[in-house]
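When you read off a place in the sequence shown, starting at 1, and then add 67, the result is the number in this note's numbering. Glycine included, every Cβ here is placed at the ideal spot set by N, Cα and C. Values in this document were obtained by computation on a predicted structure and should not be read as measured data.
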Amino acid sequence: MTGSMFELPVRDDLVGVTAYGAPQLEVQVRLNVNENPYPPTAELADAIAESVRTAALGLNRYPDRDALDLRASLAGYLGAESGVSVDPAHVWAANGSNEVMHHLFLAFGGPGRLALTFGPTYSMYPEYARDTFTEFAVYPRNDAFEIDVARALPIIAERRAAMVIVTSPNNPTGTALPQPDLIALATAALAAGSMLIVDEAYAEFRREGTPSALELLGRFPNLVVSRTMSKAFGLAGARLGYAVAADFAVVDTLKVVRLPYHLSAVTQAVASTALRYADVLQAQVAVLRSERDALATWLAGSGFTVVESDANFIMFGIFDDRAGVWQRLLDRGVLIRQPEPEGWLRVSIGTPDENDRFRRALLEATASSD
Ligand SMILES: *Cc1c(COP(=O)(O)O)cnc(C)c1O
């Protein structure tokens with residue numbers, strides 16, 4: 068079946084493009100894609116199995132298209148987590164926040180429309196733009212990887228993008244956006260007729276005193292805040308992302324562009340069950356946050372430059388030969404990430420034991436060889 072002479076009529080802009088993806092290598096310490104290192108507890112696994120069994124008995128039917136139970140549970144969780152009361156009708160859920168974002172691009176992007184963001188940032192946004200024929204522009208963050216609001220405001224005013232995307236805490240830098248800056252950006256986006264999409268994939272890891280954009284939903288009708296169960300909930304394998312829109316008309320529009328019955332009954336059951344265990348999972352998040360702060364202190368004390376992080380990973384450097392350091396870590400069974408900004412490495416926070424192994428491996432990997 069190979070070697071046919073038929074030339075596939077692939078979309079012109081996709082010819083020669085290869086699929087993106089971080090390596091999924093079988094190594095002992097995997098700290099490269101910001102996963103939660105703690106698997107679900109046996110108790111949660113049992114509860115999930117039970118809920119999936121119940122769902123299985125109805126799998127001859129299509130799932131609840133509007134995922135009403137799940138969206139109510141998500142709204143309840145957000146209320147408890149952030150102190151903001153969220154109406155389930157304003158919540159959207161999909162297969163990972165990647166799909167939520169894809170839906171937003173389908174609804175608000177498109178030919179002749181612009182999405183803009185501030186980089187270095189999440190490497191998947193350009194792909195959603197490409198898939199939806201949306202023009203995409205990345206404006207640079209400052210040397211501390213913050214969004215320089217004084218420079219961003221005129222850009223937002225002039226470009227009049229359909230979508231302004233800000234990631235907070237940002238990936239790969241860990242940088243969170245201070246609330247006054249977020250308010251300034253939202254105000255400018257509103258005046259420019261732009262949606263402001265805040266990607267809060269790492270919100271639960273933010274440090275004490277760092278607010279969530281959820282607090283601004285009542286003030287900015289153009290605001291959408293996106294979250295995920297992939298990181299804090301340790302449920303990356305289940306694929307459940309969600310968003311809250313200030314204007315519930317956003318949810319109505321997303322219903323237009325989603326595929327029919329996009330969220331399976333199994334996924335809905337798994338996510339709803341995990342939400343009932345939010346308290347247990349929050350305790351793990353607390354451990355990860357303190358491990359993060361300890362690792363940041365250790366890295367700085369060991370002579371590395373560390374970007375302050377509100378997420379479950381740390382970007383550090385600065386290396387002349389980061390590829391060499393990365394490889395020597397891998398040789399020692401520790402897989403981390405070479406993020407977009409040259410000279411830096413990014414490590415996800417693992418269990419205390421994994422973090423120790425990373426520390427030892429890093430010292431060896433950066434020791435001078437003579
Ligand atoms: C990990 C991550 C996500 C999560 O994607 P899912 O599809 O929910 O797994 C979203 N945004 C950013 C910035 C991320 O780093």
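For the 7 Å CB-CB criterion, Ala428 and Phe315 do not form a contact. 7 Å or more divides the Cβ of Met382 from the Cβ of Thr295. Put simply, the segment 269-282 does not touch the segment 317-332. Fewer than three CB pairs are less than 8 Å apart. Within the DSSP secondary-structure output, Ser415 pairs in a beta bridge with Phe380. Boundaries of the beta strand (DSSP E) around Asp266: Met262 to Asp266. Only residues of its own chain outside the window of five on either side were considered, and among them Arg306 have a CB closer than 6 Å to the CB of Asn162, listed in chain order. In this structure, Gly146 lies near Ser152, with their beta-carbon atoms less than 7 Å apart. For the 7 Å CB-CB criterion, Phe371 and Val401 do not form a contact. Residues of the same chain with a CB within less than 7 Å of the CB of Ile385, apart from the 5 flanking positions on each side, are Thr372, Gly410 and Trp411 in chain order.
Per DSSP, reduced to three states, the secondary structure at Thr108 is coil, with no helix or strand assignment. At a threshold of 6 Å, Ser190 does not count as near ligand 1, since its beta carbon sits no closer than that to any of the ligand's heavy atoms. Sixteen is the threshold: when 16 or more other Cβ atoms of the shown chains lie within 10 Å of the Cβ of Leu111, as they do, the residue is buried.
For the segment 258-311, the continuous beta strand (DSSP E) assignments of 3+ residues that do not extend past its boundaries occur at 262-266 and 290-295, in sequence order. Pairwise C-beta distances place the segment 331-347 out of contact with the segment 355-369, as fewer than three of them are shorter than 8 Å. Annotation for Glu202: the continuous beta strand (DSSP E) segment containing it runs Glu202 to Pro207. Note that the C-beta distance between Ala196 and Leu183 is not below 7 Å. In this structure, DSSP gives Ile222 a helical state, which the three-state scheme calls helix. Spatial neighbours of Ala224 in its own chain (CB-CB distance under 8 Å, excluding positions within 5 residues in sequence) are listed in chain order as Ala255, Ala258 and Ala259. Phe185: member of the beta strand (DSSP E) spanning Leu181 to Gly186, first to last residue.
By a beta-carbon distance limit of 8 Å, Thr201 does not contact Arg227. Their separation comes to about 14 Å. When the five nearest sequence neighbours on each side are left out, the beta carbons in the same chain lying within less than 7 Å of the beta carbon of Gly177 are those of Thr199, Phe200 and Thr201, in order along the chain. A Cβ-Cβ distance of about 18 Å is found for the pair Asp210 and Thr234, leaving them out of contact under the 8 Å criterion. The residue among Thr418, Lys298 and Ser118 with its C-alpha nearest the C-alpha of Ala378 is Lys298. Annotation for Asp377 indicates a beta carbon at 6 Å or more from all heavy atoms of ligand 1.
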